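A.B. asks: Below: one structure in structure tokens.
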Amino acid sequence: GGGGGGGSGADDDEDEDEDEDDLRTLDSRDCAELAALLSSKSSRESFSSEMRRRPSSARSARSSSVARGRPSTVLRWSILESVPDDESLGDHEEEEEEGQRTDNVVRTILSNESTRHHLVSYWINGLVSVMASEAFPLFCMSKEGGLGLDERAIGGISAGAGVIFCMCQYFIFSFCMKKFGLYRTATYGCFLSCVPVMLYPLSTLMKNGSGVTFTFLTALMALTMVFNSVFYAAITIGTNRTVDASHRATLNGLSSIGSSVGRGSGPIFAGSLVAFSMSGEAFPPRYGSVAVYLVLTACGAGAFAVTRSLSEYYEADDERENGIDGGGLEKGQSGKQDG
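One gets the working numbering by counting positions in the sequence shown from 1 and adding 74 to each.
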């Protein structure tokens, strides 16, 4: 019995030492931050729920303290684990500041008229190119209004166009940049990637499965693929020039978000358009492909018109190529340079 009493006394002394350590820890922390964190109803509810959910180590210590009639330790456990230390507060403040900086950068980017103009051109062209890419295999497979080709023939056409694309894309882009400059390259790339799709229905007048049909479709697809890549390369360079170098990472993320929306919605629009045009509800199915590519050509013409309106930046582009200021380009700056 005496041994048990001695052990209990030692435990009490140890608990008192732990309580003093806890109190010193509380005194060393900034409880004003705790008061600020508990200033709202939601934060108080979170604190209350946290008091009822302790890790296993805290729960065991709390149970032993309650068994000895020391409920005050329970509250100190909760406060000690709920009051953030200086390091966690610093991390939280850094996260808030980083989020605020990102929001400010996005607002700054979108407030620039030149940047918005370039982004809209990028996004619209992306939507049109995805729609044309999705409509092509459906047009090839359709037996009424299309070519009625099998999967092997369609795969061969795509493979041939891909080979031409890999061989020619870089050289054509380099030639256009040297010959026409940045924004004319973007304009011509947009036109030659969107508008020539109107020629696809001409393949229905050729003999299906012939070498002429295969060559025509391969060349036409390669043309649109090459100049689509030329457009994206040129418009990306131009868009990055409209902002400060420190904002370009956020700008590229923003442009990717917009283009991903177009890539996601393009198959929906293209599939619905082909299904409606080939159904025969509005006109005979043999004219369905003509209707599909007339709509796609109209969309491509709209994308070209938006890109063509970038002509107001041609003079600034020429000045930059001659070695004049290569920083961010805004509409107001362009006007001053023109003046």
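Using N, Cα and C, we set each Cβ at its ideal position, and we do this for glycine too. Treat the numbers as computed from the prediction; the structure is a model and nothing was measured.
1) Between the alpha carbons of G362 and I311, how many angstroms are there, rounded?
2) Apart from the five residues on each side of it in sequence, which residues of its chain come closer than 6 Å, Cβ to Cβ, to S320?
3) Does T186 come out as helix, strand or coil in the three-state DSSP assignment?
4) Should M299 and F210 be called a contact, given that it needs their Cβ atoms to be closer than 7 Å?
5) How close, in whole Å, do the beta carbons of S267 and N302 come, if the pair is a contact with beta carbons under 8 Å?
6) Applying the criterion that 16 or more other CB atoms from any shown protein chain within 10 Å of the CB defines a buried residue, is M205 buried or exposed?
7) Buried or exposed for V237, going by 16 or more other Cβ atoms inside 10 Å?
8) Look at the alpha carbon of V335 and the alpha carbon of T261, and state the distance between them as a whole number of angstroms.
9) Relative to the C-alpha of A308, which candidate in T381, M295 and S203 has its C-alpha closest?
10) Return yes when the Cβ of V364 is within less than 7 Å of the Cβ of L347, no when it is not.
11) In terms of residue numbering, what span does the alpha helix (DSSP H) encompassing G220 cover?
12) Using C-beta distances below 8 Å, list every residue in its chain close to W197, excluding the 5 sequence neighbours before and after it, in chain order.
13) So L221 and S277 are supposed to be a Cβ contact under 8 Å. How far apart are they, rounded?
14) Do T292 and I231 count as a contact pair if the criterion is CB distance below 7 Å?
15) Rank A375, L294, V202 and Y274 by C-alpha distance to the C-alpha of G219 and give the top, closest one.
16) Would a C-beta distance cut-off of 7 Å place A235 and M295 closer than the cut-off?
17) Would you say A375 and N199 are within 7 Å of each other, going by their C-beta atoms?
18) Can you say whether R315 is buried or exposed, counting buried as having 16 or more other CB atoms within 10 angstroms of its CB?
19) If distances are taken between C-alpha atoms only, which option among V202, A349, G285 and G263 comes closest to A372?
20) What do you reckon, are the CB atoms on T289 and M280 nearer than 7 Å?
21) When the Cα atoms are used, what is the spatial distance from K252 to N178?
22) What does the alpha-carbon distance come out to for the pair R190 and E386?
23) Let's see if you can read the secondary structure: which residues bound the alpha helix (DSSP H) around Y262?
24) Quick one: which unbroken beta strand (DSSP E) runs of 3-plus residues sit fully inside the region 313-365? Chain order, please.
25) Between A233, M215, C264 and T259, which has its C-alpha nearest A379's C-alpha?
26) By how many angstroms is the C-alpha of E208 removed from the C-alpha of P358?
C.D. replies: The relevant details are as follows:
1) 38 Å
2) none
3) Per the sequence shown, residue 186 should be read as Asn rather than Thr. Three-state result, N186: coil.
4) no
5) 4 Å
6) buried
7) exposed
8) 22 Å
9) T381
10) no
11) Looking at the DSSP string, G220 is not in any alpha helix (DSSP H), and its letter there is neither H nor E.
12) S329, G332, S333, V335 and G336
13) 6 Å
14) yes
15) Y274
16) yes
17) no
18) buried
19) V202
20) no
21) 37 Å
22) 14 Å
23) L256 to C268
24) none
25) C264
26) 22 Å
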